[in-house]
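Q: Below you'll find the structure I mean.
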Amino acid sequence: MKFSAALVASVFAFASLGHAVPSGILCPAEVMPSHEAFTSGTPVYLLELSNQGGVATMTKTGLEFGWNFGNGGMGYPWCPTGTWLNILDSIRPWKPLVFSYLQTTTTWNAGYNEYLTANATKTYSESSNFLACMPLSLTDAEFAAAPKWTVFLLTDGIIPTATDETLEKVNVQSCVKTKLLIKGVCLPQASTPLVFA
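Throughout the sequence shown, residue numbering follows the working numbering, covering 1386 to 1582 in sequence.
Pasting the structure below:
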C-alpha cells in the first residue's frame, strides 16, 4: 500500500506539533536504551509499551494507535481514550505503573518525539528513568520467544538489588534502567502491522 507524499507530510507536521493523532496512525511509545552501560541484566531495546492485564509492560508489539496527553496524562488510544497510564504510590523509588480506566496521574510530561517524564511531586523529583524487569512467571524459553518486561517509574536512579513488596513478581537480578521515547514518526496503518527498526 502506498501513501501520498502530502498525506505523510501532513501526518508528520501534525505529530510534530505534539497533538493527538487520528486513529489508524501508528505512534508507539518505544523503549530506548539508556545512555549508560548496563553492568548486569539484559538491556531493553526497541520494545513498545503495552498493557498486559492492567500492568504496564514492554513487548515487541505494543500500543501503537496514538496517545492522549491531555491534563498531564498518558492515555490510550487518543480518542476515545479507554485507559490511562498511572503511577501507583510506593515508599520505594521504583513506582509501579498500571493502566486503568480512570486518570489518576496528572503529572506526566509527554509528547511525540519526547522521552516520557514524570514531573516532580511532593514525594519524588522529576524523572524520565524507568526500571524494566523480567516477570517471574515467564520461563527462559517463553521470554526468548516473546520478551516481556514489567515497567516501573524509577525516581532515584538506583537499580534494586533485593526483592521487596513492590518487586515480588519480577526477577530483581534482571532489572535494568531505561527510558521511554514516544516516537513522532507516525505512519498510516497498512493492512499489515508496520515494524519500527
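Note that CB positions come from ideal geometry on N, CA and C, so glycine has one too.
With 16 other CB atoms within 10 Å as the buried threshold, where does Ile1476 fall?
A: Position 91 of the sequence shown, counted from the start, is the residue given in the question as residue 1476. Result: exposed.
Q: Would you call Tyr1497 buried or exposed, if buried means 16 or more other Cβ atoms sit within 10 Å of its Cβ?
A: One-based indexing of the sequence shown puts residue 1497 at position 112. Result: buried.
Q: Would you mind reading off the limits of the beta strand (DSSP E) that contains Phe1484?
A: As a working mapping, residue 1484 is identified with position 99 in the sequence shown. Segment 1479 to 1485, the beta strand (DSSP E) holding Phe1484.
Q: What three-state label does DSSP hand Glu1527 in the structure shown?
A: Here residue 1527 is taken as the residue at index 142 of the sequence shown, counted from 1. Note: Glu1527 maps to helix in three-state DSSP.
Q: Does the contact criterion of 3 or more C-beta pairs under 8 Å hold for the segment 1551 to 1559 versus the segment 1444 to 1456?
A: These segments do not touch.
Q: For the segment 1532 to 1539 against the segment 1480 to 1487, do three or more pairs of beta-carbon atoms, one drawn from each stretch, fall closer than 8 Å, so that the two count as touching?
A: Yes: at least three Cβ pairs fall under 8 Å.
Q: Excluding the 5 residues flanking Asn1436 on each side, which residues of the same chain have their C-beta closer than 7 Å to its C-beta?
A: Mapped onto the sequence shown, residue 1436 falls at position 51. Closer than 7 Å at the Cβ level, and outside the excluded window around Asn1436, lie Leu1448, Thr1468, Phe1484.
Q: For Cys1560, which of Leu1431, Ile1567, Pro1520 has the nearest alpha-carbon?
A: Reading the sequence shown from its first residue, position 175 is the one you call residue 1560. The option with the nearest alpha carbon to Cys1560 is Pro1520.
Q: Give the straight-line distance between the Cα atoms of Ser1512 and Trp1463, rounded to the nearest whole angstrom.
A: As a working mapping, residue 1512 is identified with position 127 in the sequence shown. As a working mapping, residue 1463 is identified with position 78 in the sequence shown. So the two alpha carbons sit approximately 24 Å from each other.
Q: Assign Gly1455 to one of three DSSP states: helix, strand, or coil.
A: Locating residue 1455 in the sequence shown gives position 70, counting from the first residue. The answer is helix: DSSP assigns Gly1455 an H, G or I state.
Q: May I have the straight-line CA-CA distance separating Leu1431 from Lys1562, to the nearest angstrom?
A: In the sequence shown, the residue the question calls residue 1431 occupies position 46. In the sequence shown, the residue the question calls residue 1562 occupies position 177. Their Cα atoms are separated by approximately 14 Å.
Q: Does Tyr1486 pass the burial test, meaning 16 or more other C-beta atoms within 10 Å, or should it be called exposed?
A: Numbered from 1 along the sequence shown, position 101 holds the residue referred to as residue 1486. Counting Cβ neighbours within 10 Å, Tyr1486 comes out exposed, since fewer than 16 surround it.
Q: Could you give the DSSP three-state label for Gly1447: helix, strand or coil?
A: Position 62 of the sequence shown holds residue 1447. The answer is coil: DSSP assigns Gly1447 none of H, G, I, E or B.
Q: With a Cβ-Cβ cutoff of 7 Å, do Asn1504 and Thr1492 count as a contact?
A: Taking the first residue of the sequence shown as 1, we reach residue 1504 at position 119. Taking the first residue of the sequence shown as 1, we reach residue 1492 at position 107. Result yes, Cβ atoms of Asn1504 and Thr1492 sit closer than 7 Å.
Q: Less than 7 Å between the C-beta atoms of Tyr1500 and Lys1568, yes or no?
A: In the sequence shown, the residue the question calls residue 1500 occupies position 115. In the sequence shown, the residue the question calls residue 1568 occupies position 183. The answer is no: Cβ separation not under 7 Å.
Q: Using 7 Å as the threshold, is the C-beta distance between Leu1539 and Asn1514 below it?
A: The residue you call residue 1539 lines up with position 154 of the sequence shown. The residue you call residue 1514 lines up with position 129 of the sequence shown. The answer is yes: Cβ separation under 7 Å.
Q: What is the DSSP secondary structure of Pro1462, reduced to helix, strand or coil?
A: The residue given as residue 1462 occupies position 77 in the sequence shown. In the structure shown, Pro1462 sits in coil (DSSP, three-state: anything other than H, G, I, E or B).
Q: Please name the residue in Thr1508, Asn1456, Gln1558, Thr1446 whose C-alpha comes closest to that of Ala1531.
A: Working through the sequence shown from its first residue, we reach residue 1531 at position 146. Among Thr1508, Asn1456, Gln1558, Thr1446, the Cα nearest to that of Ala1531 belongs to Thr1446.
Q: Considering Pro1520, what are the terminal residues of the beta strand (DSSP E) in which it resides?
A: Walking along the sequence shown from the start, residue 1520 turns up at place 135. 1515 to 1520 is the span of the beta strand (DSSP E), which, as asked, contains Pro1520.
Q: Would Thr1466 and Gly1457 be called neighbours here (beta carbons separated by less than 7 Å)?
A: The residue you call residue 1466 lines up with position 81 of the sequence shown. The residue you call residue 1457 lines up with position 72 of the sequence shown. Cβ atoms of Thr1466 and Gly1457: not closer than 7 Å.
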